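Below is one structure, written out as structure tokens, with a few remarks after it.
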Amino acid sequence: MYIVLIAGAIAAVLPFYWMVATSLMTLGETIQKAWWPDVPQWQNYVEAWTEAKFSKYFLNSVLMTATTMTGVLVTSTLAGYAFARMKFPGRDLIFGILLSTMMIPESVVMIPNFLIVRGDIFPLPFGPSWLNSLQGLSVPFMANAFSIFLLRQFFIQIPHELWDAARIDGAGHIRFLLQIVLPMSKAPLMTVALFSFIGSWNAFLWPLLVTTTDRWRPLMVGLWTFVTEAGPETHLLMAGAVITIIPILVLYFLTQKQFTEGIATSGLKG
Numbered sequence: 001m002y003i004v005l006i007a008g009a010i011a012a013v014l015p016f017y018w019m020v021a022t023s024l025m026t027l028g029e030t031i032q033k034a035w036w037p038d039v040p041q042w043q044n045y046v047e048a049w050t051e052a053k054f055s056k057y058f059l060n061s062v063l064m065t066a067t068t069m070t071g072v073l074v075t076s077t078l079a080g081y082a083f084a085r086m087k088f089p090g091r092d093l094i095f096g097i098l099l100s101t102m103m104i105p106e107s108v109v110m111i112p113n114f115l116i117v118r119g120d121i122f123p124l125p126f127g128p129s130w131l132n133s134l135q136g137l138s139v140p141f142m143a144n145a146f147s148i149f150l151l152r153q154f155f156i157q158i159p160h161e162l163w164d165a166a167r168i169d170g171a172g173h174i175r176f177l178l179q180i181v182l183p184m185s186k187a188p189l190m191t192v193a194l195f196s197f198i199g200s201w202n203a204f205l206w207p208l209l210v211t212t213t214d215r216w217r218p219l220m221v222g223l224w225t226f227v228t229e230a231g232p233e234t235h236l237l238m239a240g241a242v243i244t245i246i247p248i249l250v251l252y253f254l255t256q257k258q259f260t261e262g263i264a265t266s267g268l269k270g
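Here is the structure:
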């Protein structure tokens, strides 16, 4: 058993090790397929940051991710609370339809979403088209069925006695949500935020479709562009790859406790 676990750990860590080691090598050492550089070349990161416009792409990714994450938190909180605590006609049917959308592959809705963002289906606010814009990158992903499901499962476990006490105090649903439910929901909200951050930060295919210039091109598309332009400069490619994963690693290590608590406390209550 331990041998299998060790082998699995090595298989998981080895690509990451190779990426970091290669990012610190010279071009000659990458051609020779060395396992570790004789002298770490830290300037590779500076060169990749400046040559590949990574500073611009990094800022675009930060703006896109922050906008999408904020939208997901707002829509998931409101929808999750409505499905968990409010009674209205067709609630369970609508929730079932919402869950069924999780089984639809992203590639199936890619073209319809693209036509909407391009302005072919109906008029859009903020311009005739959302191509090459922040809203085109962010708005289509501000509603997430899994995030709504996760928060709904947590909200449904909150004791009804709290709602009864809040009603006696004169509170409505909005006040109850803001003053009582949300302070109790830090762990699942952090989990939703982390999932949204990772999904937005790693997004590639959609940004590739809706950005034809580097004005709003995010980091992953910028890295792909650099791959096509840099040719054999593997050390710079790996330096760029390391730059792209640093924010995710930092965020995960800072929030891993809340992340695991959020998954554990959401439960599967229907």
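For reference, each letter of the sequence shown is one residue, going 1 to 270 in the UniProt record's numbering. The beta carbon of each residue, even a glycine, is placed where N, CA and C say it ideally should be. Treat the numbers as computed from the prediction; the structure is a model and nothing was measured.
About 23 Å separates the beta carbons of Gly-222 and Met-142, which is beyond the 8 Å limit, so they are not a contact pair. The continuous alpha helix (DSSP H) containing Pro-15 extends over residues 2-23. Excluding its 5 nearest sequence neighbours in each direction, Ala-193 has C-beta neighbours in its own chain below 7 Å: Met-69 and Leu-73, listed in chain order. The shortest C-alpha to C-alpha distance from His-235 to any of Gly-8, Ser-23 and Gly-170 is the one to Ser-23. The beta carbons of Thr-65 and Trp-201 sit about 5 Å from each other, so the pair counts as a contact at 8 Å. Take Asn-132, set aside five residues on each side of it, and the residues of its chain with a beta-carbon closer than 8 Å to its own are Val-210, Thr-211, Thr-212, Thr-213, Arg-215 and Trp-216, in chain order. Judged by pairs of C-beta atoms under 8 Å, the segment 91-110 does not touch the segment 166-180, as fewer than three such pairs exist. In the DSSP assignment, Gln-135 falls within the alpha helix (DSSP H) that extends over 134-138.
For Thr-255, the three-state secondary structure derived from DSSP is helix. Per the Cβ contact rule, the segment 48-58 is not in contact with the segment 114-132 (fewer than 3 Cβ pairs under 8 Å). Here the alpha carbon of Ile-158 sits roughly 28 Å from the alpha carbon of Phe-253. Scanning the segment 158-241 from its first residue to its last, the whole alpha helix (DSSP H) runs of 4-plus residues come out as 160-168, 173-176, 186-201, 205-210 and 219-230. In this structure, Ala-52 lies away from Glu-161, with their beta-carbon atoms at least 9 Å apart. Taken in chain order, the whole alpha helix (DSSP H) runs of length 4 or more contained in the segment 70-128 are 91-100 and 106-117.
CA-to-CA, the gap between Met-184 and Leu-98 works out to about 25 Å. Distance from Phe-155 to Arg-85 at the Cβ level is roughly 6 Å; contact confirmed, criterion being Cβ atoms closer than 8 Å.
Close CB contacts of Ala-79 within its chain, under the 6 Å cut and outside five residues either way in sequence, are with Ile-148 (chain order). Measuring C-alpha to C-alpha distances from Gly-199 to each of Gln-43, Lys-257, Tyr-81 and Ser-61 identifies Ser-61 as the nearest. In the displayed model, Ile-156 falls within coil according to three-state DSSP, outside both helix and strand. Close CB contacts of Gln-32 within its chain, under the 6 Å cut and outside five residues either way in sequence, are absent.
With fewer than 16 other Cβ atoms inside 10 Å of its own Cβ, Ser-100 counts as exposed. When DSSP states are grouped into helix, strand and coil, Asn-144 belongs to the coil group. Pro-218 is classed as buried because its beta carbon has at least 16 other beta carbons within 10 Å across all chains shown.
Note on Val-39: under 16 other CB atoms within 10 angstroms of its CB, so exposed under the neighbour-count rule. Our two residues, Gly-119 and Ala-165, have alpha carbons roughly 48 Å apart in a direct line. Pairing Val-20 with Met-190 gives a Cβ-Cβ distance that is not under 9 Å. For Pro-40, the three-state secondary structure derived from DSSP is coil.
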